[in-house]
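So the sequence lines, in the order shown, correspond to chains A and B.
Numbering-wise (the working numbering), the first sequence opens with residue 1 and increments by one.
Numbering-wise (the working numbering), the second sequence opens with residue 196 and increments by one.
Positions of the beta carbon are idealized from the N, C-alpha and C atoms, including for glycine.
This one's a predicted model, so the numbers in the text were calculated from it and none came from an experiment.
Report on the structure given below.
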Amino acid sequence: MKKNKKPEKQTAEKPVASIPYVKIVLCLFLICTICAGLLGATFLLTKDPIAANEKATIESALKRIYGDKAVLDDEAVPVPEGQNVEAIYLLRNPDGAPAGYAVRVLSAGFSADIDMIVGFGADSSIRKVEIIALSETAGLGSRVAEEEYLAQYIGSSGELVLKEDIDAISGATKSSKAVINGVNTATRCLAALGV
Amino acid sequence: MKFSIGKLARDGLLDNNPVFIQLLGICSALAVTTSLTNGIGMGLAMTAILVCSNVFISLLRRFIPSQARIAAFIVVISTFVTMVDLLLKAYLPSLSESLGLFIPLIVVNCIILARAEAFASQNGVVASLFDGLFMGLGYTLALILISALRELFGSGSLYGVRILPETIPAVAFFQTPAGAFIALALVTAAARALIEKLKAAKAAKIKH
């Protein structure tokens, strides 16, 4: 083994001296430049549609909570300090009276964050919980996004406890826990908002 | 450079199918195949990236120094993957949502790197284009079969439409990662048996 290794090393060393470093650097630089250009162009092309999609997803979720007639207040609601939520939306009835606050929360699920909106009514009780995105196990944890499951949150308020106030989905305790944690985070945020 | 489209098609779809024969790209083939929609979407995204990266790398094959070729391939591949990811997010948001992390992960999918290294860096642009196309379609074919099996038995539907009557209980096992392995094994075994048969039939034909 050892005897074989030596001559191999020598032959391997020879081309090392003749590696065309300048050519490699120039070539990679050129390829990276072309790729950066392509990426920049795609980014500019897709920037607006992606932002519009994001906005449409939020708006349709808010519509499902507050009905088609509710209007999203243009003014952004500042998130109170120390509250771990993504955004707060103020919804108004067509006559201008506030319909309630909706809080968007990311809650750590079984495999990734569950992106959800908790909609509160004017009386601070939960109007509806909407899941925007989740990547829980299909057929198991993903069932927490089902309408029938989320329906049990409607009308409740205050800090909720799993298996007491809210049923868990058997075999998907972690995902059920993630949803209730998110809802409680939103409730705390609403309390901090002082409404 | 001479090549035959028929041979490339046969290679990509059957004789050298990236999933059934080469068993490459299994990670994504297992993970996204919970529904037929996902399988088709992932397969087509992969095909688009394979064609683009094969053509681009084939164009640059005389220019890329061999010592830096892997770095160059990865840069090219990740560029196209990011482009497809952004385009899906912009124009097919629901598909992009369900494929999730697996689009960015195409960067490290070994099928693409394997085709770049084994084919595109040694063959002409047109041949590389067809090689990418048929390898991609072969991958898509495999994903369609696996995801159809999993969706049909795992949730009783196909392409989101209920096929099996409610009285037949769904085998949720097929929707789980472990079920994915079983589905892959079943489909691969069947496909290999079929490919062997086709090969034997062809060999018999030549003899006569």
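Any C-beta of chain B under 8 Å from that of alanine 133 of chain A
The residue you call residue 133 of chain A lines up with position 133 of the first sequence. By this cut-off, alanine 133 of chain A is an interface position.
Pull out every residue of the region 289–314 of chain B whose Cβ sits closer than 7 Å to any Cβ of chain A, in chain order.
Residues of the region 289–314 of chain B that bring their beta carbon within less than 7 Å of a beta carbon in chain A comprise Glu292, Gly295, in sequence order.
Name the chain A residues that come within less than 7 Å of glycine 234 of chain B, Cβ to Cβ?
Your numbering for residue 234 of chain B matches position 39 in the second sequence. Ordered by position in chain A, no residue passes the 7 Å Cβ test against glycine 234 of chain B, which lies about 13 Å from the chain.
Would a check of beta-carbon distances place phenylalanine 258 of chain B closer than 8 Å to chain A?
By one-based count along the second sequence, residue 258 of chain B stands at place 63. Chain A, which has a Cβ nearer than 8 Å to the Cβ of phenylalanine 258 of chain B, makes this yes.
Would you call the region 356–366 of chain B in contact with the region 282–294 of chain B, where contact means no fewer than 3 C-beta pairs closer than 8 Å?
Contact between the region 356–366 of chain B and the region 282–294 of chain B is absent, because fewer than three Cβ pairs lie under 8 Å.
Can you check which of these residues, B/Gly201, B/Thr232, B/Leu203, B/Ser199, is closest to threonine 335 of chain B by C-alpha distance?
As a working mapping, residue 335 of chain B is identified with position 140 in the second sequence. It is B/Thr232.
Under 8 Å between C-beta atoms, does valine 271 of chain B make it to chain A?
Position 76 of the second sequence, counted from the first residue, corresponds to residue 271 of chain B. Closer than 8 Å to some Cβ of chain A, the Cβ of valine 271 of chain B qualifies, so yes.
Just to confirm before moving on: does the CB-CB distance between valine 103 of chain A and leucine 160 of chain A stay below 8 Å?
Stepping through the first sequence from its first residue, residue 103 of chain A is reached at position 103. Stepping through the first sequence from its first residue, residue 160 of chain A is reached at position 160. In this structure, leucine 160 of chain A does not lie closer than 8 Å to valine 103 of chain A by Cβ.
Just reading off the beta strand (DSSP E) that alanine 133 of chain A is part of, what are its end residues?
Locating residue 133 of chain A in the first sequence gives position 133, where the first residue counts as 1. DSSP places alanine 133 of chain A in the uninterrupted beta strand (DSSP E) bounded by 126–133.
Does the region 90–98 of chain A come close enough to the region 69–80 of chain A that 3 or more CB-CB pairs lie under 8 Å?
Because the criterion of three Cβ pairs below 8 Å is met, the region 69–80 of chain A and the region 90–98 of chain A touch.
Alpha-carbon spacing of asparagine 184 of chain A relative to threonine 46 of chain A, whole angstroms
Against the first sequence, residue 184 of chain A aligns to sequence position 184. Against the first sequence, residue 46 of chain A aligns to sequence position 46. Spanning the alpha carbons of asparagine 184 of chain A and threonine 46 of chain A requires a straight line of approximately 35 Å.
Could you check whether the Cβ of glycine 349 of chain B sits closer than 8 Å to any Cβ belonging to chain A?
The residue given as residue 349 of chain B occupies position 154 in the second sequence. At a cut-off of 8 Å between C-beta atoms, glycine 349 of chain B counts as an interface residue with respect to chain A.
Rounded C-alpha distance that separates glycine 139 of chain A from leucine 393 of chain B:
Taking the first sequence and counting its residues from 1, the one referred to as residue 139 of chain A is at position 139. Taking the second sequence and counting its residues from 1, the one referred to as residue 393 of chain B is at position 198. One C-alpha to the other measures close to 38 Å.
Check whether the Cβ atoms of isoleucine 339 of chain B and glycine 220 of chain B sit closer than 8 Å, and answer yes or no.
Position 144 of the second sequence, counting from 1, holds the residue named residue 339 of chain B. Position 25 of the second sequence, counting from 1, holds the residue named residue 220 of chain B. Cβ atoms of isoleucine 339 of chain B and glycine 220 of chain B: not closer than 8 Å.
Give the single residue among A/Ser107, A/Ala36, A/Ala99 whose Cα lies nearest to the Cα of glycine 182 of chain A.
One-based indexing of the first sequence puts residue 182 of chain A at position 182. Taking glycine 182 of chain A as reference, the option from A/Ser107, A/Ala36, A/Ala99 with the minimal CA-CA separation is A/Ser107.
Would you verify that the beta carbon of isoleucine 19 of chain A is, or is not, closer than 8 Å to some beta carbon of chain B?
Locating residue 19 of chain A in the first sequence gives position 19, where the first residue counts as 1. Answer yes: the Cβ-Cβ gap between isoleucine 19 of chain A and chain B drops below 8 Å somewhere.
Sequence-distant residues of its chain with Cβ nearer than 7 Å to serine 350 of chain B (five each side left out):
In the second sequence, residue 350 of chain B corresponds to position 155, counting from 1. So the list reads Ala365, Gln370, once near-sequence residues are dropped.
Return the chain-ordered list of same chain residues with a C-beta closer than 7 Å to the C-beta of aspartate 167 of chain A, the five sequence neighbours on each side being excluded.
Locating residue 167 of chain A in the first sequence gives position 167, counting from the first residue. Around aspartate 167 of chain A: Gln152.
Whole angstroms is fine: what's the gap from tyrosine 286 of chain B's alpha carbon to serine 199 of chain B's?
For the purposes of this step, residue 286 of chain B is taken as residue 91 along the second sequence, with counting starting at 1. For the purposes of this step, residue 199 of chain B is taken as residue 4 along the second sequence, with counting starting at 1. Roughly 35 Å between the two C-alpha positions.
For proline 213 of chain B, collect the residues of the same chain with a Cβ closer than 7 Å to its Cβ; drop the 5 residues on either side in sequence, then sort them by chain order.
Here residue 213 of chain B refers to the residue found at position 18 when the second sequence is read from its first residue. Listed in chain order, the non-local C-beta contacts of proline 213 of chain B below 7 Å within the same chain comprise Leu219, Gly220, Ile306, Met330, Gly333, Tyr334, local neighbours out to five positions each way being set aside.
Looking at the C-beta of lysine 177 of chain A, does it have a partner C-beta in chain B at a distance below 8 Å?
Here residue 177 of chain A is taken as the residue at index 177 of the first sequence, counted from 1. Chain B, which has no Cβ nearer than 8 Å to the Cβ of lysine 177 of chain A, makes this no.
Just checking: is the beta-carbon of lysine 3 of chain A within a distance shorter than 8 Å of some beta-carbon in chain B?
Numbered from 1 along the first sequence, position 3 holds the residue referred to as residue 3 of chain A. Confidence is the limiting factor: at lysine 3 of chain A the pLDDT is only 48, short of 50, which leaves the residue's position unreliable, though a coordinate-based value still follows. At a cut-off of 8 Å between C-beta atoms, lysine 3 of chain A does not count as an interface residue with respect to chain B.
Going by C-alpha distance, which of A/Arg127, A/Thr42, A/Ile58, A/Pro20 is nearest glycine 158 of chain A?
Here the question's residue 158 of chain A lines up with position 158 in the first sequence. The candidate whose alpha carbon is nearest that of glycine 158 of chain A is A/Arg127.
Between leucine 162 of chain A and lysine 177 of chain A, is the Cβ-Cβ spacing less than 8 Å?
Here residue 162 of chain A corresponds to residue number 162 of the first sequence, with the count starting at 1. Here residue 177 of chain A corresponds to residue number 177 of the first sequence, with the count starting at 1. Remark: C-beta atoms of leucine 162 of chain A and lysine 177 of chain A approach each other more closely than 8 Å.
Distance cutoff 8 Å, beta carbons only. Does lysine 9 of chain A sit that close to anything in chain B?
To locate residue 9 of chain A, count along the first sequence from 1; it is residue 9. Because the pLDDT of lysine 9 of chain A is 49, which lies under 50, any placement of that residue in the model is unreliable, and the number read from its coordinates should be weighed accordingly. Interface flag for lysine 9 of chain A against chain B is unset, since no Cβ pair is found closer than 8 Å.
Looking only at its chain, what residues have a beta carbon closer than 6 Å to the beta carbon of methionine 1 of chain A, apart from the 5 residues adjacent to it on each side?
Start at 1 with the first residue of the first sequence, and residue 1 of chain A comes out as number 1. For methionine 1 of chain A, the predicted model reports a pLDDT of 45, less than 50, meaning its position is unreliable; a value from the coordinates is still stated below. Closer than 6 Å at Cβ, skipping near neighbours: no residue.
Taking glycine 109 of chain A and leucine 150 of chain A to be in contact with their CB atoms under 8 Å, please state how far apart those CB atoms are, rounded to whole angstroms.
Here residue 109 of chain A refers to the residue found at position 109 when the first sequence is read from its first residue. Here residue 150 of chain A refers to the residue found at position 150 when the first sequence is read from its first residue. About 14 Å separates the Cβ atoms of glycine 109 of chain A and leucine 150 of chain A, ruling out a contact at the 8 Å cut-off.
By DSSP, does glycine 171 of chain A sit in helix, in strand, or in coil?
On the first sequence, residue 171 of chain A is found 171 positions in, with the first residue counted as 1. Looking at glycine 171 of chain A - three-state DSSP - the assignment turns out to be coil, as it is neither helix nor strand.
Residue nearest to alanine 224 of chain B in terms of C-alpha spacing, selected from B/Ala398, B/Lys400, B/Phe376:
Counted from its first residue, the second sequence places residue 224 of chain B at position 29. When each option's Cα is compared against that of alanine 224 of chain B, the closest is B/Phe376.
Would you mind working out which of A/Phe120, A/Ser170, A/Arg188 sits nearest glycine 67 of chain A, comparing C-alpha positions?
Within the first sequence, the letter at position 67 stands for residue 67 of chain A. When only C-alpha atoms are compared, the closest one is A/Phe120.
Does DSSP put tyrosine 89 of chain A in a helix, a strand or coil?
If you number the first sequence from 1, residue 89 of chain A lands on position 89. Strand.
For a contact defined as C-beta to C-beta under 8 Å, what are the partners of methionine 278 of chain B on chain A?
Counted from its first residue, the second sequence places residue 278 of chain B at position 83. Those within 8 Å of methionine 278 of chain B in chain A are Leu38, Leu39, Thr42.
Output, in chain order, the set of chain B residues within a Cβ distance shorter than 9 Å of isoleucine 50 of chain A.
To locate residue 50 of chain A, count along the first sequence from 1; it is residue 50. Here the neighbours are Leu281, Lys284, Ala285, Pro288.
Below 8 Å between beta carbons is the criterion; list the residues of the region 212–229 of chain B that meet it against any residue of chain A, in chain order.
Going along the region 212–229 of chain B in chain order, one finds Thr229 with a Cβ nearer than 8 Å to chain A.
Threonine 33 of chain A to alanine 322 of chain B, Cα distance in whole Å?
Position 33 of the first sequence, counted from the start, is the residue given in the question as residue 33 of chain A. Position 127 of the second sequence, counted from the start, is the residue given in the question as residue 322 of chain B. Answer to the nearest angstrom: the Cα atoms are 26 Å apart.
Against alanine 267 of chain B, what residues of chain A qualify as contacts under a CB-to-CB distance less than 8 Å, listed in chain order?
Position 72 of the second sequence, counted from the first residue, corresponds to residue 267 of chain B. When 8 Å is used as the limit between beta carbons, alanine 267 of chain B is near these residues of chain A: Cys27, Leu28, Ile31, in chain order.
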